[in-house]
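FYI, the numbering for the sequence shown is 806 to 1262, going by this note's numbering.
Every residue, glycine too, gets a C-beta built ideally from N, C-alpha and C.
Read the structure below first, then the notes.
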Amino acid sequence: MPISLYNSLTRRTEPFAPLDPDRVTMYVCGPTVYNYVHIGNARGPVVFDVLARLLRRHYPKVVYARNITDVEDKINAAAQAEGVPIEVITRRYATAYHEDMARLGIAPPDVEPYATAHIDAIVAMNQALIAKGHAYAAEGHVLFDVGSFPDYGKLSGRDPEELLAGARVEVAPYKKSPGDFVLWKPSTPELPGWDSPWGRGRPGWHIECSAMCAVQLGETIDIHAGGNDLLFPHHENEIAQSTCAHGGRTFARWWLHNGMLTFDGRKMSKSLGNVLQLHEMLKRHPPEALRLRLLSGHYRQPLDWSDAAIAQSVSTLDGWYRVLRELADVPVDAAGLPVPGRVEAALCDDLNTPQALAELSLLADAARQQRTPAAKAALLGGGALLGLLQQDAEAWFKQAVDADVDAARVEALIEQRQVARAARDFARADAIRAELAAMGVAIEDGAQGTRWSVQKS
């Protein structure tokens, strides 16, 4: 079945057709590693992880790149505050980012370029833009001449004249126009810098992605994706730089943008004090429940975040994993799971994850009723395409979240309870159940013995 995706550039949903069906290219803007990312920063990686999974089902080769911005003024500030080189900061938070993404079930990208490894390419792109009349050097800076690119503003739908009129920027004396943006800037001795034709300096943020994308994927790519907060100016500037540097060639054929997260109806922002660090949330909630919540709304729309919403995601996963636990003795070939057509069809329709999740619920109901290998395989296969239901059911129920649960202690208490019940010492058995409940552990007696699970927040 064909894949259709909403293209922010054309403002319509279009059948996806890659430039080269044997090599589909996708670039997603990654993190600036100066601190832990917040939960909103995880929405794009989760959504576009599902897109990568879908594309791999349809095409023999997908090259998915997600960058690491490891030189930027916020990184410099963090390094200066600690009195360490920027590498200490970037290594620490890049490692944390990788760990957090893995816990969310996000597969690593095929390519993960670092900005500092592409300085030569960045300098070369600056030189090309100057040579073609789209950039100019001034006082150790290189700036892009926005007036030289007539299509500037096409992605965001903003008129360049209005942008300049409403720009709240400090107009540096070396700029020809207030809207011209920095491609290269000088570095003082205490800041990181590299030699260049314009003196020791460092790249501007926007050109880093343009250069990394060109080196890793090519001058024209199929899909460029990121949060809609990047649409302007970052993605607008990327188009201008890349198109002009490469002789007018199309930079990205599809632009995909995910919506932002709100918190109890309000935009997440540091000024409101409602920014939630992903690193901390992964300690308090099951990672799979966070992933499910991030997929629960259509990716282009805002998504509200609340404790109640996470609790609902936990409850949903409890129900699905309960079905899988009940079917533990039903054999399936884990290496050859089918992908149900209705789940795939939903994702082919501009990544309609809410519909795909609704189909997954129907598959869980069918598996509960039919109790067949085919029904169980369909549930697991549908979950796999969404990056869900990939852990053992018992592991899901026994994971300790927001509590320090000693599994060995739990097993010992359950054994003591079984001995007490066999001796008809029901008072002792009830006391042990109460002790387990106080530890945050629920137990369930069944034909296959006593099962336990941690009560998740």
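If contacts are defined as beta-carbon pairs under 8 Å, then E1013 and I927 qualify, I think. What distance do you get, rounded to the angstrom? E1013 to I927, Cβ: 6 Å. Contact.
For V1020 and P771, the rounded distance between their alpha carbons: Here the chain has residues from 806 to 1262 only, and residue 771 is not among them.
Give the secondary structure of W1003 by DSSP, where H, G and I count as helix, E and B as strand, and everything else as coil. Three-state result, W1003: coil.
Are the stretch 1217-1228 and the stretch 1171-1190 touching by the rule of at least three beta carbon pairs closer than 8 Å? Two segments are said to touch when three or more pairs of C-beta atoms, one from each, lie closer than 8 Å; by this definition the stretch 1217-1228 does not touch the stretch 1171-1190.
Determine whether the beta carbon atoms of S809 and D1155 lie at a separation below 7 Å. Taking the C-beta atoms as reference points, D1155 is found nearer than 7 Å to S809.
Please list the terminal residues of the continuous beta strand (DSSP E) segment that includes T1067. Boundaries of the beta strand (DSSP E) around T1067: L1066 to F1068.
Counting only the same chain and skipping the five closest in sequence on each side, list residues whose C-beta sits under 7 Å from that of G952. Beyond the five residues adjoining it in sequence on each side, G952 comes within less than 7 Å, by CB distance, of S982 in the same chain, given in chain order.
Do N872 and G835 have their CB atoms nearer than 7 Å? When the beta-carbon positions are compared, N872 and G835 come within less than 7 Å of each other.
With contact counted as at least three CB pairs below 8 Å, one residue from each stretch, are the stretch 863-879 and the stretch 1047-1060 in contact? Result no; under three Cβ-Cβ pairs closer than 8 Å.
Return the residue from the list A1171, Y1104, Y902 and S1001 that minimises the CA-CA distance to V947. For the options A1171, Y1104, Y902 and S1001, the alpha carbon positioned closest to that of V947 is the one of S1001.
Let me know the secondary structure DSSP gives I844 once reduced to three states. In the structure shown, the three-state DSSP call for I844 is helix.
Nonlocal neighbours in the same chain, by C-beta distance under 7 Å from Y841, ignoring five residues either side: Excluding its 5 nearest sequence neighbours in each direction, Y841 has C-beta neighbours in its own chain below 7 Å: Y898, A901, Q1082, L1083 and H1084, listed in chain order.
Suppose you measure from the CA of L814 to the CA of D1134; what does that come to, to the nearest Å? In a straight line, the C-alpha of L814 is about 50 Å away from that of D1134.
Minimum length 3: unbroken beta strand (DSSP E) runs contained in the stretch 863-887: DSSP assignment within the stretch 863-887 yields the following whole beta strand (DSSP E) runs of 3 residues or more, N-terminal first: 867-871.
With hydrogens ignored, establish whether the beta-carbon of P1136 is closer than 6 Å to any heavy atom of the ligand MN. The ligand MN is absent from the structure shown, which contains no ligands of any kind.
Using three-state DSSP, classify M806 as helix, strand or coil. Correct three-state label for M806: coil.
Extract the residue ranges of the alpha helix (DSSP H) inside the stretch 1111-1140, only unbroken runs of 4 or more that lie entirely within it. Within the stretch 1111-1140, the complete alpha helix (DSSP H) runs of at least 4 residues are 1112-1131.
Buried versus exposed, by CB contacts within 10 Å (16 or more), R817: Exposed, by the Cβ-count rule.
R1105 versus H1062: straight-line alpha-carbon distance, rounded: Cα to Cα, R1105 sits roughly 6 Å from H1062.
Does the beta-carbon of Y957 have 16 or more other beta-carbons within 10 angstroms, so that it is buried, or is it exposed? Buried is the call here.
Spatial distance of P807 from R861 (CA atoms): Counting only the Cα atoms, R861 lies some 13 Å from P807.
Taking buried to mean at least 16 other C-beta atoms within 10 Å of its own C-beta, is A1208 buried or exposed? Any reading at A1208 must be qualified, since the residue scores a pLDDT of 49, below 50, and its modelled position is unreliable; the value itself is stated next. Of the residues assessed, A1208 falls on the exposed side of the cut-off, its CB having fewer than 16 other CB atoms within 10 angstroms.
Does A899 come out as helix, strand or coil in the three-state DSSP assignment? Looking at A899 - three-state DSSP - the assignment turns out to be helix.
Residue range of the alpha helix (DSSP H) that includes L1167: Per DSSP, L1167 belongs to the alpha helix (DSSP H) from T1158 to Q1175.
Can you tell me which residues form a DSSP beta bridge with N931? Looking at the DSSP output, N931 shares a beta bridge with no other residue.
Distance between L1191 and L1095 (C-alpha atoms, nearest Å): CA-to-CA, the gap between L1095 and L1191 works out to about 13 Å.
Using the C-alpha atoms, what's the distance from G1146 back to W1201? Taking the straight line from one Cα to the other gives about 27 Å.
Do you know offhand how far L1265's Cα is from P1091's? A query on residue 1265 cannot be resolved here, the shown segment of the chain reaching from 806 to 1262 and no further.
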